[in-house]
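Student:
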Amino acid sequence: MDEELQREFDRVVAAEQRIEPRDWMPEGYRRTLIRQIAQHAHSEIIGMQPEGNWITRAPSLRRKAILLAKVQDEAGHGLYLYAATETLGADREDLTQKLINGRQKYSSIFNYPTLSFADVGVIGWLVDGAAICNQVPLCRTSYGPYARAMIRVCKEESFHQRQGYELLMTMMRGTEAQRRQVQDAVDRWWWPSLMMFGPPDDASSNTEQSMAWRIKRHTNDELRQKFVDMSVPQADKLGVTLPDPELRWNAERGHHDFGTPDWDEFWRVVKGDGPCNAQRVAHRRKSHDDGAWVREAATAHAAKRAAKESAA
Amino acid sequence: MSFDNAYEAIMEGSDETHWAFGTGFTDALSGVDRAVPSDVDSGDLATYCLMLGDDALVLSQRLSEWCSRAPELEEDVALANIALDLLGQARMLLTRAGEIEGAGRDEDALAYLREEHEFRNVQLSEVDCGPGPGGDFATTIARLLVFSSWRLALSQRLVSSRDPVLAAVAAKAVKELAYQRDHAAQWTIRLGDGTEYSRERMIAGLDRVWPFTDELFTAHPVETRLAAVGVAVDPATLRSEVDGVLDTVLGAASLDRPTVGSLSTVVGRDGAGRGGRDGVHTEAFGYLIAEMQHIARSMPGATW
Ligand SMILES: [Fe+2]
Ligand SMILES: [Fe+2]
């Protein structure tokens with residue numbers, strides 16, 4: 484029986500059709516998906532902090548509105564994605580506990596600090612940009628609810644990216660001090676953005692199985708190359724330099740050559756020693772704990788109301 | 003949009019239609035006659051727009067402090083939504099104030115370059131109701147309940163203001179405020195009825211904001227003069243309607259109307275009480291605008 488189900492599952496995935504929540508799926512597939520989607524959801528939620536840091540100080544009302552709407556979108560992305568994990572039998576509260584106890588990860592990029600308002604623009608351009616590169620292929624991923632969530636998320640991320648880039652363009656047309664802020668932010672975010680694609684292919688453990696399951700569609704290095712190729716002309720147009728002396732066009736390959744990210748730093752940050760790991764998790768934990776009585780009250784009220792209704 | 007090309011789209015020109023929600027706010031007011039009615043004092047009208055604009059701006063600023071700190075994700079989305087709606091109202095009203103004033107001040111000059119005493123918002127909008135040390139979620143909800151009930155009643159009447167811009171701003175705001183009031187009312191009921199602890203918090207939250215309610219119904223001379231010519235609303239006339247709404251919500255939550263009285267006001271040289279409408283604020287307000295204005299003021303000549 485299981486063999487038959489497995490054959491049907493393999494056929495559906497190989498034919499680029501979708502697996503839906505009621506379909507049979509191998510346990511490993513379910514576990515891997517829950518971990519991947521939860522990690523993605525956690526990233527959306529933790530990602531609210533570095534930019535949320537600037538909402539109350541945004542230097543124009545239009546920028547304040549754009550930033551507030553963006554950070555609100557990220558909360559929405561977290562919601563769609565937690566909902567997708569629930570279709571696989573996961574529970575949001577349980578996943579949140581795993582996040583605040585450090586048992587599940589989120590994107591390491593958010594463990595770097597935002598030091599000026601230009602960081603808001605650079606995060607939109609590079610971080611949302613790298614996220615789009617990673618996520619666009621997932622719009623065709625094999626698990627239906629995840630693919631559908633990603634379509635919505637990608638649409639919104641691409642607005643974020645434009646908004647970030649437009650802020651940088653505006654700042655580059657402004658004062659010398661603003662141009663310096665933009666360049667400084669690019670210098671600080673470029674390498675961490677390249678690291679968002681994960682370790683090099685030869686050091687990446689789950690790639691092969693995930694590709695076969697169609698929950699990953701390109702390797703880390705392929706996506707990283709694509710991101711570099713797309714970012715270079717955008718940096719030119721903006722008038723900033725990317726902090727990589729080895730960066731140059733390779734006509735033979737039809738791609739840019741670029742330097743090697745500091746993978747030791749990457750692993751240090753992943754393992755918890757980035758500048759903001761402890762701060763980000765503590766912030767999330769405090770918000771969650773401070774809100775516990777509110778959630779309990781809502782549950783208690785709903786139960787009382789249900790009891791009244793069934794008595795009536 | 004082809005998704006595999008989503009990333010490339012950034013290099014296309016900056017077309018307004020590419021934005022999630024647009025970059026301007028002219029739509030709500032497009033086609034509206036912007037001339038000030040001839041029998042209306044334009045100084046008064048500019049001040050009135052500042053009053054209502056500052057109320058919205060300052061509460062939006064307070065609510066946005068919750069961002070990433072709400073009790074649940076759904077609430078993070080909801081509070082950001084309310085803050086955004088209020089910010090949108092503030093932008094239209096400040097722009098209108100600057101336009102009538104005619105001294106070249108736009109929404110940003112008014113938001114970022116005025117001193118504390120030049121802000122005309124009611125004190126209720128500026129009080130720290132959390133997530134900082136001044137309050138918690140229940141206090142925030144208590145304030146939102148009072149504020150949105152009052153501003154909704156006010157906006158419903160302003161829809162027929164003789165100033166076409168105020169009328170148009172109010173027409174848009176009515177829908178937003180109805181949602182805000184409903185949201186606050188539902189939480190008041192949940193917290194009032196939920197657990198022993200949440201009920202205590204809700205009562206404490208209402209007690210904290212109640213002393214600031216009288217100011218909402220006290221007419222400033224500018225409001226009185228503009229109400230007489232059919233442009234503004236005399237806030238005193240809103241009291242029984244707003245009280246009725248609040249009593250209904252508190253009743254549904256089995257909560258009593260707070261018994262704490264209003265605060266005595268700061269008295270000026272002429273012996274008259276002064277409040278937010280006169281530019282007199284709470285101690286916390288200076289910190290609020292310092293934070294809001296810091297970058298804008300520290301980078302003169304910058305463009306954002
Ligand atoms: Fe997102
Ligand atoms: Fe985003």
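Which chain is which? The protein sequence lines are A and B, in order. Each residue of the first sequence is one higher than the one before, counting from 484 in my numbering. Each residue of the second sequence is one higher than the one before, counting from 3 in my numbering. The C-beta atom is built at its ideal place from N, Cα and C for all residues, glycine as well.
#1: Please report the straight-line C-alpha distance between residue 747 of chain A and residue 587 of chain A, rounded to a whole angstrom.
#2: For ligand 1, enumerate in chain order all residues having a CB closer than 5 Å to any of its heavy atoms.
#3: Hey, is residue 87 of chain B's beta-carbon within less than 8 Å of any beta-carbon in chain A?
#4: Using the beta-carbon count (16 or more within 10 Å), is residue 796 of chain A buried or exposed?
#5: Using a Cβ-Cβ cut-off of 8 Å, state whether residue 696 of chain A counts as contacting chain B.
#6: Please report how far the alpha carbon of residue 738 of chain A lies from the alpha carbon of residue 732 of chain A, in whole angstroms.
#7: In the region 37-100 of chain B, which residue ranges form an unbroken alpha helix (DSSP H) of at least 4 residues, counting only runs that do not cross its ends?
#8: Between residue 305 of chain B and residue 653 of chain A, which are expected to be in contact by the criterion C-beta below 8 Å, what is the C-beta distance as a whole number of angstroms?
#9: Would you check whether ligand 2 has a heavy atom nearer than 7 Å to the C-beta of residue 611 of chain A?
#10: Can you give me the C-alpha to C-alpha distance between residue 657 of chain A and residue 543 of chain A, rounded to a whole angstrom?
#11: Drop a sphere of 10 angstroms on the beta-carbon of residue 291 of chain B, count the other beta-carbons inside from all chains shown, and report buried for 16 or more, exposed for fewer.
#12: Exposed or buried, what is residue 119 of chain B when buried is set at 16 or more other beta-carbons lying within 10 Å of its beta-carbon?
#13: Would a check of beta-carbon distances place residue 39 of chain B closer than 8 Å to chain A?
#14: Thinking C-alpha only, which one of A:749, A:793, A:759 is nearest residue 536 of chain A?
#15: Around the C-beta of residue 300 of chain B, are 16 or more other C-beta atoms found within 10 angstroms, so that it is buried, or is it exposed?
#16: Secondary structure at residue 629 of chain A, three-state DSSP: helix, strand or coil?
#17: Which partner residues of residue 731 of chain A appear in the DSSP bridge assignment?
#18: How about residue 98 of chain B: is its C-beta nearer than 8 Å to some C-beta of chain A?
#19: Put residue 276 of chain B into one of helix, strand or coil per three-state DSSP.
#20: Please confirm whether any heavy atom of ligand 2 lies closer than 7 Å to the CB of residue 701 of chain A.
#21: Indicate whether residue 593 of chain A and residue 530 of chain A have their beta-carbon atoms separated by less than 8 Å.
#22: Please list, in chain order, the chain B residues whose beta carbon lies closer than 8 Å to that of residue 680 of chain A.
#23: Closer than 7 Å to a non-hydrogen atom of ligand 2 - does that hold for the CB of residue 643 of chain A?
#24: According to DSSP, is residue 143 of chain B part of a helix, a strand, or is it coil?
#25: Would you say residue 640 of chain A touches ligand 2, meaning its beta carbon is less than 7 Å from a heavy atom?
#26: Report the start-end ranges of each alpha helix (DSSP H) in the region 514-558 of chain A that is 4 residues or longer and not cut off at the edges.
#27: How far does the alpha helix (DSSP H) with residue 177 of chain B in it reach, from first residue to last?
#28: Residues of the region 532-561 of chain A in Cβ contact with chain B at a cutoff of 7 Å, in chain order, please.
#29: Indicate the three-state DSSP secondary structure (helix, strand or coil) for residue 262 of chain B in the structure shown.
#30: Taking C-beta to C-beta, are residue 722 of chain A and residue 703 of chain A nearer than 8 Å?
#31: Determine the DSSP secondary structure at residue 785 of chain A, reduced to helix, strand or coil.
#32: I need the DSSP call for residue 615 of chain A, collapsed to helix, strand or coil.
#33: Any heavy atom of ligand 2 within a distance shorter than 7 Å of the CB on residue 177 of chain B?
#34: Report the rounded CA-to-CA distance for residue 146 of chain B versus residue 660 of chain A, giving the unit in angstroms.
#35: Please classify residue 649 of chain A as buried or exposed, where buried requires at least 16 other C-beta atoms within 10 Å of its C-beta.
Tutor: Here's the rundown:
#1: Looking up residue 747 of chain A in the first sequence gives position 264. Looking up residue 587 of chain A in the first sequence gives position 104. Cα to Cα, residue 747 of chain A sits roughly 21 Å from residue 587 of chain A.
#2: A:527, A:557, A:560
#3: Here residue 87 of chain B refers to the residue found at position 85 when the second sequence is read from its first residue. Not closer than 8 Å to any Cβ of chain A, the Cβ of residue 87 of chain B fails to qualify, so no.
#4: Lying outside 484 to 795, the shown extent of chain A, residue 796 of chain A is not represented and no answer is given.
#5: In the first sequence, counting from the first residue as 1, residue 696 of chain A sits at position 213. So no, residue 696 of chain A is outside the interface.
#6: Mapped onto the first sequence, residue 738 of chain A falls at position 255. Mapped onto the first sequence, residue 732 of chain A falls at position 249. If I take the Cα positions, the gap works out to 6 Å.
#7: 44-66
#8: Here the question's residue 305 of chain B lines up with position 303 in the second sequence. Here the question's residue 653 of chain A lines up with position 170 in the first sequence. So it is a contact: roughly 6 Å between Cβ atoms.
#9: Here the question's residue 611 of chain A lines up with position 128 in the first sequence. Residue 611 of chain A: yes, Cβ under 7 Å from ligand 2.
#10: Position 174 of the first sequence, counting from 1, holds the residue named residue 657 of chain A. Position 60 of the first sequence, counting from 1, holds the residue named residue 543 of chain A. Answer to the nearest angstrom: the Cα atoms are 14 Å apart.
#11: Within the second sequence, the letter at position 289 stands for residue 291 of chain B. Counting Cβ neighbours within 10 Å, residue 291 of chain B comes out buried, since at least 16 surround it.
#12: On the second sequence, residue 119 of chain B is found 117 positions in, with the first residue counted as 1. Per the 10 Å Cβ criterion, exposed.
#13: Sequence index remark: in the second sequence, residue 39 of chain B carries index 37 (1-based). So, not an interface residue.
#14: Looking up residue 536 of chain A in the first sequence gives position 53. Comparing Cα positions, the closest option is A:759.
#15: Reading the second sequence from its first residue, position 298 is the one you call residue 300 of chain B. Residue 300 of chain B is exposed by the Cβ-count criterion.
#16: Here residue 629 of chain A refers to the residue found at position 146 when the first sequence is read from its first residue. Looking at residue 629 of chain A - three-state DSSP - the assignment turns out to be helix.
#17: In the first sequence, counting from the first residue as 1, residue 731 of chain A sits at position 248. Paired residues: A:740.
#18: By one-based count along the second sequence, residue 98 of chain B stands at place 96. Answer no: the Cβ-Cβ gap between residue 98 of chain B and chain A never drops below 8 Å.
#19: Against the second sequence, residue 276 of chain B aligns to sequence position 274. Correct three-state label for residue 276 of chain B: strand.
#20: If you number the first sequence from 1, residue 701 of chain A lands on position 218. Checking every heavy atom of ligand 2 against the Cβ of residue 701 of chain A, none is found closer than 7 Å.
#21: For the purposes of this step, residue 593 of chain A is taken as residue 110 along the first sequence, with counting starting at 1. For the purposes of this step, residue 530 of chain A is taken as residue 47 along the first sequence, with counting starting at 1. Result yes, Cβ atoms of residue 593 of chain A and residue 530 of chain A sit closer than 8 Å.
#22: Looking up residue 680 of chain A in the first sequence gives position 197. Going along chain B, no residue has its Cβ under 8 Å from residue 680 of chain A, so there is no contact; the nearest lies around 13 Å.
#23: Position 160 of the first sequence, counted from the start, is the residue given in the question as residue 643 of chain A. Yes, Cβ of residue 643 of chain A sits closer than 7 Å to a heavy atom of ligand 2.
#24: Within the second sequence, the letter at position 141 stands for residue 143 of chain B. Helix at residue 143 of chain B.
#25: Your numbering for residue 640 of chain A matches position 157 in the first sequence. Yes, the beta carbon of residue 640 of chain A sits closer than 7 Å to at least one heavy atom of ligand 2.
#26: 531-535
#27: If you number the second sequence from 1, residue 177 of chain B lands on position 175. Note, residue 177 of chain B: alpha helix (DSSP H), 166-195.
#28: 532, 535, 538, 539, 540, 542, 543, 544, 545, 546, 547, 548, 551, 552, 554, 555, 558, 559, 561
#29: Position 260 of the second sequence, counted from the start, is the residue given in the question as residue 262 of chain B. Residue 262 of chain B: coil per DSSP, three-state reduction.
#30: Counting from 1 along the first sequence, the entry for residue 722 of chain A is found at position 239. Counting from 1 along the first sequence, the entry for residue 703 of chain A is found at position 220. No, the pair does not count as a contact, with Cβ atoms beyond the cut-off.
#31: In the first sequence, counting from the first residue as 1, residue 785 of chain A sits at position 302. DSSP places residue 785 of chain A in helix when its eight states are reduced to three.
#32: Reading the first sequence from its first residue, position 132 is the one you call residue 615 of chain A. In this structure, residue 615 of chain A counts as helix in the three-state DSSP scheme.
#33: As a first step, residue 177 of chain B must be located in the second sequence, where it is residue number 175. No, the Cβ of residue 177 of chain B stays beyond 7 Å of every heavy atom of ligand 2.
#34: As a working note, residue 146 of chain B is residue 144 in the second sequence. As a working note, residue 660 of chain A is residue 177 in the first sequence. If I take the Cα positions, the gap works out to 39 Å.
#35: As a first step, residue 649 of chain A must be located in the first sequence, where it is residue number 166. Counting Cβ neighbours within 10 Å, residue 649 of chain A comes out buried, since at least 16 surround it.
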